[in-house]
Amino acid sequence: MHILILGAGYAGLRAALDLAEAKRAGELGEVTVTLVDRNDYHQVITWLHEVAAASVAPDKARIPLEQLLGAGGVAFHQATVRGIAPREQRVLLADSEALSYDRLVVALGSITAWPPIEGLREHALPMRWWDEAVRLREAVLHNFALAAEMEDEAERKRLLTLVVAGGGYTGCQLAGEMAHWVPELADHFGLSLLELTLRQIEARERLMPGWDERLADKAERILRRKGVQILLNSPLERLDAQTMTLKGKNPMPYGLLIWAGGVQAPPLLKDSGFTTGVQGRAEVDAYLRAKEYPDVFVIGDASLWMEGDKPLPGTASHALRQGEYVARMIRRQIQGKGLADYEPTNLGLMVSLGGSDGVGIALGIPLSGVTAGILKEGIESWYLSTIGAD
Ligand SMILES: Cc1cc2nc3c(=O)[nH]c(=O)nc-3n(C[C@H](O)[C@H](O)[C@H](O)COP(=O)(O)OP(=O)(O)OC[C@H]3O[C@@H](n4cnc5c(N)ncnc54)[C@H](O)[C@@H]3O)c2cc1C
Numbered sequence: 001m002h003i004l005i006l007g008a009g010y011a012g013l014r015a016a017l018d019l020a021e022a023k024r025a026g027e028l029g030e031v032t033v034t035l036v037d038r039n040d041y042h043q044v045i046t047w048l049h050e051v052a053a054a055s056v057a058p059d060k061a062r063i064p065l066e067q068l069l070g071a072g073g074v075a076f077h078q079a080t081v082r083g084i085a086p087r088e089q090r091v092l093l094a095d096s097e098a099l100s101y102d103r104l105v106v107a108l109g110s111i112t113a114w115p116p117i118e119g120l121r122e123h124a125l126p127m128r129w130w131d132e133a134v135r136l137r138e139a140v141l142h143n144f145a146l147a148a149e150m151e152d153e154a155e156r157k158r159l160l161t162l163v164v165a166g167g168g169y170t171g172c173q174l175a176g177e178m179a180h181w182v183p184e185l186a187d188h189f190g191l192s193l194l195e196l197t198l199r200q201i202e203a204r205e206r207l208m209p210g211w212d213e214r215l216a217d218k219a220e221r222i223l224r225r226k227g228v229q230i231l232l233n234s235p236l237e238r239l240d241a242q243t244m245t246l247k248g249k250n251p252m253p254y255g256l257l258i259w260a261g262g263v264q265a266p267p268l269l270k271d272s273g274f275t276t277g278v279q280g281r282a283e284v285d286a287y288l289r290a291k292e293y294p295d296v297f298v299i300g301d302a303s304l305w306m307e308g309d310k311p312l313p314g315t316a317s318h319a320l321r322q323g324e325y326v327a328r329m330i331r332r333q334i335q336g337k338g339l340a341d342y343e344p345t346n347l348g349l350m351v352s353l354g355g356s357d358g359v360g361i362a363l364g365i366p367l368s369g370v371t372a373g374i375l376k377e378g379i380e381s382w383y384l385s386t387i388g389a390d
């Protein structure tokens, strides 16, 4: 039997490590496990805003898979997945290569969603992957270096205007982190703090829509205290190289705009014939299997699990627990046992807001300030220890 896992992120890596351990313990018999990813490293996505704002070194957030899979039990194949042919039990890779499987675990995460806003794709910077976070950090440094040489005051101020577009938790984390970094940069380049602008824009009436309102209010207060100008009810309508236009407003100059306005599942799910719903995520049954294909599990951000009428949010915490669950179910299948229903564990969400600040809900208890920030750091260290990266 061949178990193929697509994606070495939070969900896929967890599934691979658990199956590898079972294989080494002799629980899987003749089964082979292959993990496919286009990169030869695991990305610590929950650190990307810190990579972008220079509070975490880039290489810390990119861990070689060779190191993580060193104990054996799983083969790694570096390739880009182009499509899935579920009826033929085959995965199509770049360069016309294909891999066949008996059980497939799709854990390809999500991609930046680009709504049809004029100029957005051409001029905004995304931050969904490690290389994009590194590019963003370089772009900020570049703008400050240019500003330091710029004699024209209006142009200098434009270069020093950073906009985070999107008030979800990713946007909040990035704005909080940038609020700490940009004054340090101004000092380093001999620029006046008075010429810096850090702005966060959100189309809806509050930050972190969809999450607990108390959490969102606290996040807003903390970010404003750190000097972030928050513009709510401000949908972005148009972007050109130097100005952004918010609904009902005149164009405003900006230096860099980071698009943190949402994610969607990779289109290859729909293109491969899976039934998809909200954000293009694949609909799954009670065991996280793709509706029409019982030999295909879909987990992490790519999977659409409904809790009542609400989709389970895409978080690292849900992704890694789904990876754990699927590895357990595959083991049960191999041992001839039945499947147990998937039940999501809502441990909460911790949002870092720069320095040691944060907000969050842990096991239903709202937290904010340094307690939340320190707890988030603790969760991240714990995560690294669970994948053998500490
Ligand atoms: C900046 C940022 C900060 C975040 N902070 C938090 C946080 O603090 N807490 C939290 O719980 N969640 C956070 N999230 C959300 C969290 O990171 C995601 O929910 C989580 O990564 C989902 O895990 P996954 O395994 O589904 O996907 P991922 O971890 O994204 O893994 C997907 C993997 O698939 C690979 N891949 C994708 N497409 C292909 C392809 N075509 N071919 C081959 N390989 C492919 C990728 O290289 C990647 O390794 C954050 C997200 C972002 C963007």
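Heads up: the sequence shown at position 51 corresponds to 51 in our numbering, and the numbers run straight through without jumps.
Glycine included, each C-beta is placed from N, C-alpha and C at the ideal position.
Bear in mind the structure is a predicted one, so any value in this text is a computation, not a measurement.
Here A362 is bridged, per DSSP, to G348, I365. Considering only A75, G308, T345, V278, the residue with the shortest C-alpha distance to A302 is V278. The beta carbons of L223 and A216 sit about 11 Å from each other, so the pair does not count as a contact at 8 Å. Look at S317: its beta carbon is less than 6 Å from one of the heavy atoms in ligand 1.
Fully enclosed beta strand (DSSP E) runs of no fewer than 3 residues occupy 32-37, 41-43 of the stretch 17-58, in order along the chain.
In the DSSP assignment, E88 falls outside any beta strand (DSSP E), carrying neither H nor E.
Within the stretch 225-298, the runs of beta strand (DSSP E) that reach at least 3 residues and sit entirely inside it are, in chain order, 229-231, 236-239, 243-246, 256-259, 296-298. Taking the Cα positions, G248 is about 18 Å away from Q229. For D271, the CB stays at least 6 Å from every heavy atom of ligand 1.
Here the distance from the Cβ of L347 to the nearest heavy atom of ligand 1 is not below 6 Å. By DSSP's assignment, M306 forms a beta bridge with P311. Closest option to L162, judged by alpha-carbon separation, among E149, D152, W181, Y169: W181. H180 has its CB no nearer than 6 Å to any heavy atom of ligand 1. Distances from the CB of R38 to the heavy atoms of ligand 1 include at least one below 6 Å. In its chain, beyond the 5 residues on either side, G7, G9, G300, D301, A302 have a beta carbon closer than 7 Å to the beta carbon of G109. A direct Cα-to-Cα measurement between A57 and V51 gives close to 6 Å.
Taken in chain order, the whole alpha helix (DSSP H) runs of length 4 or more contained in the stretch 188-225 are 213-225. Relative to P253, the option among L196, I387, W47, G273 whose CA is nearest is L196.
Short of 7 Å from the beta carbon of R62, and not among the five residues preceding or following it, lie these beta carbons of its own chain, in chain order: Y41, Q43, W130. The beta carbons of L28 and A20 sit no closer together than 7 Å. Contact annotation: A113 and G336 have beta-carbon atoms that are not nearer than 7 Å. Taking all protein chains shown into account, E202 has 16 or more neighbouring C-beta atoms within 10 Å of its C-beta and is therefore buried. Only exposed fits I365, as fewer than 16 other CB atoms lie within 10 angstroms of its CB.
At a threshold of 6 Å, H49 counts as near ligand 1, since its beta carbon sits closer than that to one of the ligand's heavy atoms.
With distances taken between CA atoms, A85 lies nearest to A290 out of K376, D390, S356, A290.
Nearest to T46 by C-alpha distance, out of D240, Q67, M127, is M127. Looking from the CA of E118, the closest CA among G355, L236, A79 belongs to L236. Relative to the non-hydrogen atoms of ligand 1, the Cβ of D95 never comes closer than 6 Å to any of them. Between the alpha carbons of D240 and L125 lies a distance of about 13 Å.
Per the C-alpha coordinates, the member of D187, P115, A175 positioned closest to H49 is A175. Here the stretch 325-341 makes contact with the stretch 280-297; the two share three or more CB pairs at distances below 8 Å. Relative to ligand 1, the nearest heavy atom lies less than 6 Å away from the CB of R128. The DSSP-derived three-state label of Q333 is helix. Per DSSP, reduced to three states, the secondary structure at E151 is coil, with no helix or strand assignment. Here S100 carries a strand assignment [DSSP, helix/strand/coil]. With a cut-off of 6 Å, the C-beta of Y10 is classified as near ligand 1, since at least one heavy atom of the ligand falls inside that distance.
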